[in-house]
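Shown next, in structure tokens, is the structure this report addresses.
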Amino acid sequence: MDANLSFDKIWMLEQIGGDLDLLHEVAKIFLQDSTRLKNELTQALAAGNSKALHAAAHATKSAVGNFGALQAVDVATKLEKACKDGDQSSFARLQAMLVTEVDRLVDALQAELAEAGKS
445 MDANLSFDKI WMLEQIGGDL DLLHEVAKIF LQDSTRLKNE LTQALAAGNS KALHAAAHAT
505 KSAVGNFGAL QAVDVATKLE KACKDGDQSS FARLQAMLVT EVDRLVDALQ AELAEAGKS
């Protein structure tokens with residue numbers, strides 16, 4: 445997988461037996477859920493709640509991992525570690541980076557659906 449891709453279509457298709465329709469359905473579900481994921485990250489950061497921020501980072505990592513979104517997974521993992529370690533000085537930077545990576549994935553999935561005529 446290419447770490448610079450916001451999502452790895454080839455890898456994902458390999459994981460789901462080449463079912464492009466399934467990829468598109470999973471993408472639609474993620475697109476519907478992405479705002480909630482970003483809101484949870486933002487609200488946990490604003491509240492200074494490291495447990496909630498860790499949980500939001502973990503949920504986001506699980507969601508983006510389905511798409512082979514390595515950069516997003518990496519940032520989410522770093523945010524989880526910062527929360528576990530109590531490294532509050534890193535929370536805002538990593539949360540912002542993770543939201544940016546989610547947005548990149550949203551853009552890539554929207555483009556994929558538009559290209560397939562399924563947006």
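So the sequence shown is residues 445 to 563, counted in the working numbering. Cβ coordinates follow ideal geometry from the N, Cα and C atoms, glycine included.
Item                                                                                                                               : Value
In whole angstroms, what is the alpha-carbon distance linking F451 and F511?                                                       : 5 Å
By a C-beta neighbour count over all protein chains shown, 10 Å radius and 16 as the cutoff for buried, is S478 buried or exposed? : buried
Taking the alpha-carbon positions, what's the Q476 to A536 distance?                                                               : 24 Å
Should K505 be labelled buried (16 or more other beta-carbon atoms within 10 Å of its own) or exposed?                             : buried
So the candidates are A513, K525, T521; which of them puts its Cα closest to the Cα of W455?                                       : A513
Which first and last residues belong to the alpha helix (DSSP H) in which G536 is found?                                           : The sequence given here has Ala at residue 536, not Gly. That run of the alpha helix (DSSP H) goes 532-559.
Taking just the CA atoms, how far does L553 sit from T544?                                                                         : 14 Å
For A513, which of helix, strand or coil comes out of DSSP?                                                                        : coil
Thinking C-alpha only, which one of A500, K482, A540, G509 is nearest Q459?                                                        : G509
Considering S478, what are the terminal residues of the alpha helix (DSSP H) in which it resides?                                  : 464-491
Determine the DSSP secondary structure at I460, reduced to helix, strand or coil.                                                  : coil
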